[in-house]
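A.B. asks: Residue numbering for the sequence shown follows our numbering, beginning at 8 and increasing consecutively. Positions of the beta carbon are idealized from the N, C-alpha and C atoms, including for glycine. A quick note: this is a predicted structure, and the numbers were derived from the prediction, not measured. My questions all concern the structure below.
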Amino acid sequence: MRGEAGHFPLDTATVGTVGGSLARHLAQEEEGRAPRIIIGRDTRESGSWIEEAFIAGARGAGAECQSAGVITTPGVAFLTRTLPADAGVVISASHNPYQDNGIKIFSPSGRKLDDATERLIEADIEKGSTQGGEADGQQADALERSEPAAEEGGSEESAALRQRYMDYLAEEVGASLSLEKLSIVVDCANGAASALAPALFERLGARVILINCAPDGRNINLDCGSLHIDGLRREVLAHKADIGVAFDGDADRALFIDAQGEFVDGDATLWIMAQYLASRGELKDGLVVATVMSNIGLEIALRSRGWQLQRTDVGDKYVLEELLRTGASVGGEQSGHIIFPRQSLAGDGMVTALGLLRAIYDTGLGLSDLASGFKRYPQVLVNVRVREKRPFEEVAEIARAAEEIRAQLGERGRLLLRYSGTEPLARVMIEGEQQESVDGYANSLAAVIKESLGAT
8 MRGEAGHFPL DTATVGTVGG SLARHLAQEE EGRAPRIIIG RDTRESGSWI
58 EEAFIAGARG AGAECQSAGV ITTPGVAFLT RTLPADAGVV ISASHNPYQD
108 NGIKIFSPSG RKLDDATERL IEADIEKGST QGGEADGQQA DALERSEPAA
158 EEGGSEESAA LRQRYMDYLA EEVGASLSLE KLSIVVDCAN GAASALAPAL
208 FERLGARVIL INCAPDGRNI NLDCGSLHID GLRREVLAHK ADIGVAFDGD
258 ADRALFIDAQ GEFVDGDATL WIMAQYLASR GELKDGLVVA TVMSNIGLEI
308 ALRSRGWQLQ RTDVGDKYVL EELLRTGASV GGEQSGHIIF PRQSLAGDGM
358 VTALGLLRAI YDTGLGLSDL ASGFKRYPQV LVNVRVREKR PFEEVAEIAR
408 AAEEIRAQLG ERGRLLLRYS GTEPLARVMI EGEQQESVDG YANSLAAVIK
458 ESLGAT
């Protein structure tokens with residue numbers, strides 16, 4: 008669930024309904040045992056009251072709830088898996104502006120909630136209550152009795168939960184890793200990692216320079232973090248730092264700047280980690296998983312080492328499914344959402360950063376040296392508004408034009424042709440060695456699509 012806070016489905020009543028619905032369905036699965044739910048939030052000003060409403064609804068339906076307060080999305084996934092709990096809930100809208108918020112639910116494995124349970128909760132929302140008027144009354148009473156989530160977030164129990172996650176990062180993921188010789192600029196997007204990431208890197212010995220680590224409830228993702236990387240680049244160069252790392256609002260993704268000010272995105276990170284894992288004999292079957300949006304430069308770089316890129320549909324859900332199906336060691340998205348399935352089934356920006364820093368520490372190479380061998384190819388995306396979404400292969404003119412372009416691109420270019428899932432748009436994405444030719448191919452194919460299927 009994601010939307011503007013205070014409006015359906017993120018109004019108090021609906022959020023309480025979601026909490027009660029989840030608790031009841033979990034109780035049915037556990038044959039009447041009170042389910043245990045771990046909940047956390049990012050730094051948005053709406054997070055406290057949404058958390059309060061959710062907890063009240065869940066407790067009204069018999070669940071035991073523990074709040075970790077302000078914590079990252081993967082932090083909640085970790086706690087859910089290791090405590091263990093029956094479900095983990097994150098109040099966050101990730102990289103969206105502060106006016107938005109959302110509810111994300113994890114299963115005990117750390118994976119997102121299964122589709123079947125999602126449909127049951129959606130059905131309860133549509134009914135407006137979980138069990139008629141009596142349940143509505145119970146939920147209202149629970150809301151009246153509940154303690155503010157903000158107080159729970161500052162409790163000793165909440166601090167202990169966060170410390171459990173921090174100890175895991177420092178002592179397990181970061182075991183034997185010393186950052187004493189490194190200076191790191193850290194941009195936390197004024198989000199969930201603001202108190203956690205600086206403490207983690209300092210604990211491992213780094214000299215940390217902080218930017219955008221002072222959340223006020225409204226500045227999360229505001230011209231900062233992984234969506235706005237230029238500020239991090241300026242600070243890395245100004246401080247002559249070794250590396251810069253930028254998180255998004257809930258810190259499930261991380262992007263980097265090297266000492267020369269060059270951008271290291273999720274594709275470059277996958278390339279670095281593939282090399283590092285392979286050097287340790289841990290790149291299973293020479294396979295890396297990424298989405299259809301990953302740059303062909305990654306595919307070409309991997310191919311040069313005899314390794315393979317397996318592509319999925321856009322979304323970390325599909326990356327994870329492919330990682331589990333193939334047993335691959337690493338996968339992710341261009342956005343910096345990287346998954347190491349042997350450590351966690353949830354992408355974790357701080358785990359990603361530690362992985363990259365370990366590669367630097369173990370090899371003695373700088374980030375720019377580790378990224379060498381990966382060339383980001385020019386890419387262009389053109390959208391065409393269409394009147395209908397006919398399969399492209401069934402439209403002779405489009406199929407013919409696409410086939411001709413693919414032949415011209417060969418193995419050092421790529422054409423991706425698909426429809427938007429939410430809008431009446433055809434999307435033409437082309438990558439190749441020369442920007443001018445890529446632009447020409449994309450515009451010519453867009454013209455064919457507009458002629459054949461374009462909206463009037």
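When you compare each of Gln-317, Asn-302, Gly-273 to Asp-292 by their alpha carbons, which one comes out closest?
C.D. replies: For the purposes of this step, residue 292 is taken as residue 285 along the sequence shown, with counting starting at 1. Answer by Cα proximity: Gln-317.
A.B. asks: If we require 3 or more residues per run, which beta strand (DSSP E) segments fall completely within the region 282-337?
C.D. replies: You should have 294-298, 315-319.
A.B. asks: What three-state label does DSSP hand Gly-139 in the structure shown?
C.D. replies: Translated into positions along the sequence shown, residue 139 becomes position 132. A caution first: Gly-139 carries a pLDDT of 41, below 50, which makes its placement in the model unreliable, though a value can still be read off. Gly-139: helix per DSSP, three-state reduction.
A.B. asks: Using a Cβ-Cβ cut-off of 9 Å, state whether Val-435 counts as contacting chain B.
C.D. replies: Checking the listed chains, one finds no chain B in this structure; it contains a single protein chain.
A.B. asks: Output yes or no for whether 9 Å exceeds the beta carbon distance between Val-391 and Met-436.
C.D. replies: As a first step, residue 391 must be located in the sequence shown, where it is residue number 384. As a first step, residue 436 must be located in the sequence shown, where it is residue number 429. Their beta carbons are not under 9 Å apart, which means Val-391 does not touch Met-436 by this criterion.
A.B. asks: Could you check which residue in Gln-442, Ala-75, Thr-463, Thr-79 has the C-alpha nearest to that of Arg-260?
C.D. replies: Here residue 260 corresponds to residue number 253 of the sequence shown, with the count starting at 1. The option with the nearest alpha carbon to Arg-260 is Thr-79.
A.B. asks: Can the beta-carbon of Ala-166 be found closer than 9 Å to that of Gly-76?
C.D. replies: On the sequence shown, position 159 is the one that residue 166 refers to. On the sequence shown, position 69 is the one that residue 76 refers to. Yes, the Cβ-Cβ distance between Ala-166 and Gly-76 is below 9 Å.
A.B. asks: With a threshold of 16 other CB atoms inside 10 Å of the CB of Gly-27, please say whether the residue is buried or exposed.
C.D. replies: Here residue 27 is taken as the residue at index 20 of the sequence shown, counted from 1. It is buried - the Cβ of Gly-27 has at least 16 other Cβ atoms within 10 Å.
A.B. asks: Would Ile-98 and Leu-29 be called neighbours here (beta carbons separated by less than 9 Å)?
C.D. replies: The sequence position of residue 98 within the sequence shown is 91, counting from 1. The sequence position of residue 29 within the sequence shown is 22, counting from 1. Taking 9 Å as the Cβ cut-off, Ile-98 and Leu-29 do not qualify as a contacting pair.
A.B. asks: Evaluate Val-358 with the Cβ neighbour count: other Cβ atoms within 10 Å of its Cβ, from every protein chain shown; 16 or more gives buried, anything less gives exposed.
C.D. replies: For the purposes of this step, residue 358 is identified with residue 351 of the sequence shown, where counting begins at 1. That one is buried.
A.B. asks: Determine, using beta carbons only, whether Gly-224 and Glu-52 come nearer to each other than 9 Å.
C.D. replies: Mapped onto the sequence shown, residue 224 falls at position 217. Mapped onto the sequence shown, residue 52 falls at position 45. Yes.
A.B. asks: Using only CA atoms, which one of Ala-353, Val-455, Leu-361 lies nearest to Tyr-283?
C.D. replies: The count along the sequence shown starts at 1 and reaches residue 283 at position 276. Among Ala-353, Val-455, Leu-361, the Cα nearest to that of Tyr-283 is on Leu-361.
A.B. asks: For Ser-375, collect the residues of the same chain with a Cβ closer than 8 Å to its Cβ; drop the 5 residues on either side in sequence, then sort them by chain order.
C.D. replies: For the purposes of this step, residue 375 is identified with residue 368 of the sequence shown, where counting begins at 1. Here the set comprises Asp-265, Ala-266, Gln-267, Glu-269.
A.B. asks: Can you say whether His-344 is buried or exposed, counting buried as having 16 or more other CB atoms within 10 angstroms of its CB?
C.D. replies: By 1-based counting over the sequence shown, the position of residue 344 is 337. His-344 is classed as buried because its beta carbon has at least 16 other beta carbons within 10 Å across all chains shown.
A.B. asks: At the level of alpha carbons, what is the spacing between Ala-94 and Ala-281?
C.D. replies: Reading the sequence shown from its first residue, position 87 is the one you call residue 94. Reading the sequence shown from its first residue, position 274 is the one you call residue 281. Their backbone Cα atoms lie some 32 Å apart in a straight line.
A.B. asks: From Ala-202 to Glu-37, what does the alpha carbon distance come to, in whole angstroms?
C.D. replies: Position 195 of the sequence shown, counted from the first residue, corresponds to residue 202. Position 30 of the sequence shown, counted from the first residue, corresponds to residue 37. C-alpha separation (whole angstroms): 35 Å.
A.B. asks: How about Ala-378 and Ile-216: do their beta carbons lie closer than 9 Å?
C.D. replies: As a first step, residue 378 is located in the sequence shown; it is residue number 371 there, counting from the start. As a first step, residue 216 is located in the sequence shown; it is residue number 209 there, counting from the start. Contact flag unset, no.
A.B. asks: In angstroms, rounded to a whole number, what distance separates the CA positions of Pro-155 and Ala-60?
C.D. replies: Sequence index remark: in the sequence shown, residue 155 carries index 148 (1-based). Sequence index remark: in the sequence shown, residue 60 carries index 53 (1-based). For Pro-155, the pLDDT reaches just 42, beneath the cut-off of 50, and the residue's location in the model is therefore unreliable, leaving the point undetermined.
A.B. asks: DSSP three-state call for Gly-362: helix, strand or coil?
C.D. replies: For the purposes of this step, residue 362 is taken as the residue at position 355 of the sequence shown. DSSP places Gly-362 in helix when its eight states are reduced to three.
A.B. asks: Taking the beta strand (DSSP E) that Val-252 falls in, what are its first and last residues?
C.D. replies: Taking the sequence shown and counting its residues from 1, one reaches residue 252 at position 245. Counted as a single uninterrupted DSSP element, the beta strand (DSSP E) harbouring Val-252 occupies residues 250-254.
A.B. asks: Quick one: what does DSSP say Leu-423 is sitting in, helix, strand or coil?
C.D. replies: Looking up residue 423 in the sequence shown gives position 416. If DSSP states are grouped into helix, strand and coil, Leu-423 belongs with the strands.
A.B. asks: Buried or exposed: where does Pro-81 fall if 16 or more other Cβ atoms within 10 Å of its Cβ makes it buried?
C.D. replies: Here the question's residue 81 lines up with position 74 in the sequence shown. Looking at its Cβ environment, which holds 16 or more other Cβ atoms inside 10 Å, Pro-81 is buried.
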